[in-house]
Structures are given as structure tokens and as C-alpha cells.
Amino acid sequence: MQNSQNQAEAIAALVRLMGNLRDPEHGCAWDRKQTLTSLTRHTLEEVYEVIDAIEQGNPEKICDELGDLLFQVVFYARIAQEQGLFDLQDVANAITQKLLVRHPHIFPDGTLDSFGQPTLLTAHEVEQNWEKIKNAQRVREGQGRLVSVMDDVASAMPALDRAAKLQKRAASVGFDWADISGVTAKLDEEVTELKQAVAAGSVSMQQHELGDLLFTCVNLARHLGLDADASLRDANKRFESRFKFIEQAAARSNTTLPECSSNVLEQWWQDAKRLET
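Here it is in C-alpha cells:
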């Protein structure tokens with residue numbers, strides 16, 4: 000563990016390293032040619048690697064992957080600095096000010112020095128207050144135009160996460176099912192409509208109805224207090240584990256999967272499921 004001075008020195012060293020990598024004369028050719036746009040796919044990859052490390056519960060790997068993600072932030076800031084847009088200090092100041100404004104129950108006068116006064120807000124009340132503050136900010140930034148609570152939901156977000164955020168935003172202004180029974184009824188309705196689209200043989204209808212069904216599944220997860228993306232990742236892991244079990248079973252039987260009957264495959268699948276309990 001390090002104190003504040005050591006942390007500042009570590010960040011300064013990383014910033015210096017980034018400057019060296021981008022140096023026009025002695026820097027790295029790959030790093031020099033990167034742009035704000037070209038880095039985005041690498042950033043997504045780093046985010047997923049952080050999540051993977053956390054789910055593995057490996058502190059050393061989490062630290063390593065967080066370092067890669069931090070480097071992305073420094074990289075973006077350096078490119079922006081070269082273009083005269085902003086620098087890393089601007090980035091840090093912006094997020095600090097944003098969090099001060101959005102936590103009036105922790106920082107009453109909007110400064111770090113006001114920290115330490117007791118708060119009686121619950122986590123749910125804090126979240127509601129956060130949404131109110133963000134809505135007020137959207138109105139201010141709208142400068143007279145009609146402002147939507149959906150305006151700043153990033154279109155590049157993964158689809159499941161974006162669906163959850165859109166639903167949460169709608170719910171924050173009262174557009175939501177009263178209870179989970181409304182969601183489950185909607186789920187049944189969407190399944191029926193998808194079956195009808197399949198029967199009709201229309202690919203466009205099938206895609207439309209499948210999208211509605213997935214959107215409703217995300218809504219159900221939200222009402223259950225679950226993370227739809229995390230639930231799907233868990234399902235992916237279970238499928239992967241069970242499939243590997245089937246591959247191993249086939250190898251032990253000196254056969255291949257295409258040669259196995261559906262009954263044999265189903266039996267191995269059920270065997271794999273039983274091993275999980």
C-alpha cells in the first residue's frame with residue numbers, strides 16, 4: 000500500500016511514460032499512430048478483461064488488468080492534450096467536481112473540505128437523488144430545447160446494458176411496471192408474438208419480436224434486482240463447462256460428437272448438470 004505522495008509519483012511516472020511513447024522522434028510507432036477513435040476497441044477489450052479477472056477472484060490479475068485500463072485513460076488524455084482539447088488534470092478535475100455535485104449528502108457545500116457530516120440517506124434514496132441531480136443537469140445543458148432522460152445514454156454500450164439503462168431512466172420518471180407481474184405477463188406476450196413471427200416465416204418480424212423478448216427479459220432482471228449481462232455470462236460459463244464435459248465423455252468413448260445420437264448427448268448433458276449440484 001502507498002501513501003498519497005507515492006500514488007501521485009506513480010501516476011506521474013505513467014504520464015511521463017505515455018509522453019515518451021508518443022514522442023515524435025523517439026517514441027513507439029504503434030503508440031504514435033493511435034487516435035481517440037482507434038483506441039476504442041482496445042478499451043472495450045480491457046474493460047472485459049478487468050471483469051473477467053474480478054470474476055476469477057484473482058487479486059494479482061485484477062491489479063494487472065486495472066493497470067491496463069488506467070493506461071487507456073492516460074492514453075486518451077495524452078492524445079487529447081496533443082490536440083489542445085484537454086489533459087489528464089482536466090479529466091481528474093471533471094470527475095471530482097461531478098461526484099462532489101452528485102453527493103450533496105456527503106459534501107454539503109460541494110467541496111472536499113465539507114466531508115464528515117452525518118448522513119441519513121439510504122442507498123436507494125442516494126440513487127434517487129443522483130437521478131434527480133443528473134436530470135437537472137440535462138435540463139441546464141439543454142439550453143431551452145426539449146430534454147429527454149434518454150439523451151446521454153451512450154449508443155455504443157453493449158445492448159443488454161443499454162437496455163437496462165434505458166429502462167432505469169424511464170422508471171426514474173415513473174414509466175415502469177407497478178410490480179413484477181406486469182413484466183411476466185409481458186414476457187408471455189412477447190413469447191407468443193415471437194412464435195407467431197416464426198410461423199409466419201418473416202425474418203424481419205422474427206428479429207423485431209426477438210428484440211422485444213430480449214428487452215423484456217432485461218426488464219424482468221431489473222425487477223428481480225439482477226444484472227442481465229451477469230446472468231447471461233453465468234449461463235455462458237455453464238454451457239461452456241457442460242459442453243467440455245460432453246467432449247471429454249465422447250473422447251473417453253472413442254467417438255466424436257457428430258457420431259453420437261441425440262439421446263447419448265442429452266444423457267451426457269444431464270450428467271454434466273448433475274455434477275454442478
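Taking numbering that gives the first Met the number 0, the leading residue of the sequence shown gets 0, the next gets one more, and so forth. For each residue, glycine too, the CB sits at the ideal point set by N, CA and C. Please read all numbers here as calculations on a predicted model, not as lab measurements.
Query                                                                                                                                                                                                        : Result
So E24 is in the alpha helix (DSSP H); what residue range does that whole segment cover?                                                                                                                     : Careful: E24 lies outside any alpha helix (DSSP H) and carries neither H nor E.
Please go through the segment 23 to 69 and give each complete alpha helix (DSSP H) segment of 4 or more residues, from N-terminal end onward.                                                                : 28 to 32, 39 to 55
Rounding to the nearest angstrom, what Cα-Cα distance links Q4 and V14 in this structure?                                                                                                                    : 15 Å
Is DSSP giving F106 helix, strand or coil here?                                                                                                                                                              : coil
So, T255 versus A249, is the Cβ gap smaller than 8 Å?                                                                                                                                                        : yes
Counting along the chain, where does the alpha helix (DSSP H) carrying M204 start and finish?                                                                                                                : 202 to 222
Is the CB-CB distance between V148 and R168 below 8 Å?                                                                                                                                                       : yes
Using 8 Å as the cut-off, can you tell me whether the segment 86 to 102 makes contact with the segment 37 to 45, which would need three or more C-beta pairs spanning the two stretches below that distance? : no
Give the secondary structure of M156 by DSSP, where H, G and I count as helix, E and B as strand, and everything else as coil.                                                                               : coil
Assign P117 to one of three DSSP states: helix, strand, or coil.                                                                                                                                             : coil
Consult DSSP for W129 and reduce its assignment to one of helix, strand or coil.                                                                                                                             : helix
On the DSSP letters alone, give me the boundaries of the alpha helix (DSSP H) that D150 sits inside.                                                                                                         : Taken as a continuous stretch (DSSP letters only), D150 belongs to no alpha helix (DSSP H), as it is neither H nor E.
Does the distance from the C-beta atom of L159 to that of D228 stay below 8 Å?                                                                                                                               : yes
Whole-angstrom Cβ separation of L38 and Q71, contact assumed at under 8 Å?                                                                                                                                   : 7 Å
Is Q82 helix, strand or coil when you go by DSSP?                                                                                                                                                            : coil
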